[in-house]
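Reviewing the structure listed below.
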Amino acid sequence: MASLIENLISVLEQENSEYEMLLELSRKKTPVIVQGDIVRLQEITDEEQNVIDRIAHLDAKRMEHTKDIANVINKDVEELKLDNLIQMLGRSPADQKRLAEVHERLKSTLGQMRDVNSQNRELLTSALEMVDFDLNLLQAMRKAPETANYTKGAYNDGSVIGTNAGSFDARQ
Numbered sequence: 075m076a077s078l079i080e081n082l083i084s085v086l087e088q089e090n091s092e093y094e095m096l097l098e099l100s101r102k103k104t105p106v107i108v109q110g111d112i113v114r115l116q117e118i119t120d121e122e123q124n125v126i127d128r129i130a131h132l133d134a135k136r137m138e139h140t141k142d143i144a145n146v147i148n149k150d151v152e153e154l155k156l157d158n159l160i161q162m163l164g165r166s167p168a169d170q171k172r173l174a175e176v177h178e179r180l181k182s183t184l185g186q187m188r189d190v191n192s193q194n195r196e197l198l199t200s201a202l203e204m205v206d207f208d209l210n211l212l213q214a215m216r217k218a219p220e221t222a223n224y225t226k227g228a229y230n231d232g233s234v235i236g237t238n239a240g241s242f243d244a245r246q
């Protein structure tokens with residue numbers, strides 16, 4: 075059982091390290107979003123994807139170790155949470171302390187990630203709203219008012235002032 079706990083702690087420490095890398099990349103994204111540097115944003119996003127792939131691999135290992143521990147202590151793996159496991163390790167205070175510490179570090183790192191990602195999401199939303207506003211403004215500037223010209227059937231013919239905007243005049 076001690077080796078299973080040791081393996082779980084090791085994987086959780088590795089996961090925390092990867093999440094800290096992801097947190098740092100998220101923090102690097104903030105000024106890049108503000109500057110609107112799309113190329114650098116794509117580079118950071120690619121780096122994040124590599125870290126996420128490693129986290130997914132570590133998460134699978136963590137689940138495997140958790141299943142092994144659940145089998146040894148005869149508990150349902152779905153009900154075995156880290157908090158419960160920490161309480162069960164009362165007879166092994168060293169393992170209990172290490173698992174509790176890595177659990178707290180992991181929770182702290184994920185909380186910081188949540189805050190930074192929320193801030194980045196707000197910045198991206200604002201940037202998209204600004205782009206949408208600019209596009210609407212450009213479209214409104216290009217559209218000229220319609221004339222009051224009517225056809226024989228008394229329908230507006232839909233002609234626009236300055237209809238030569240899209241044509242080429244070779245005489246000029």
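Counting from 1, position 86 in the sequence shown corresponds to residue 160 in this note's numbering; the numbering is continuous, with no gaps.
Ideal placement from N, C-alpha and C gives every residue a C-beta, glycine not left out.
Here the structure is a predicted model, which means the values were calculated and not measured.
Item checked: M187 versus L97: straight-line alpha-carbon distance, rounded -> In a straight line, the C-alpha of M187 is about 5 angstroms away from that of L97.
Checklist line | Boundaries of the alpha helix (DSSP H) in which K103 is found, first to last residue | finding: Its alpha helix (DSSP H) spans residues A76 to Q109.
Next item on the list: Could you give the DSSP three-state label for L198: helix, strand or coil?
Entry: The three-state reading of DSSP puts L198 in helix, counting H, G and I together.
Notebook entry, point to check: Apart from the five residues just before and just after I79, which ones in its own chain have a Cβ nearer than 6 angstroms to its Cβ?
Noted result: Same-chain partners within the cutoff: D169.
Check: To the nearest angstrom, how far is it from the Cα of R195 to the Cα of A201?
Finding: Approximately 10 angstroms, taken between the alpha carbons.
Item checked: Coarse secondary structure for S166, derived from DSSP in three states -> Note: S166 maps to coil in three-state DSSP.
Note to self: Against chain D, with Cβ distances strictly below 7 angstroms, would V85 count as a contact?
What the structure shows: Among the protein chains of the structure shown there is no chain D, as only one such chain exists.
Next item on the list: Please determine, among I129, A134, D208 and G227, the residue with the shortest C-alpha to C-alpha distance to L184.
Entry: Nearest option by C-alpha distance: I129.
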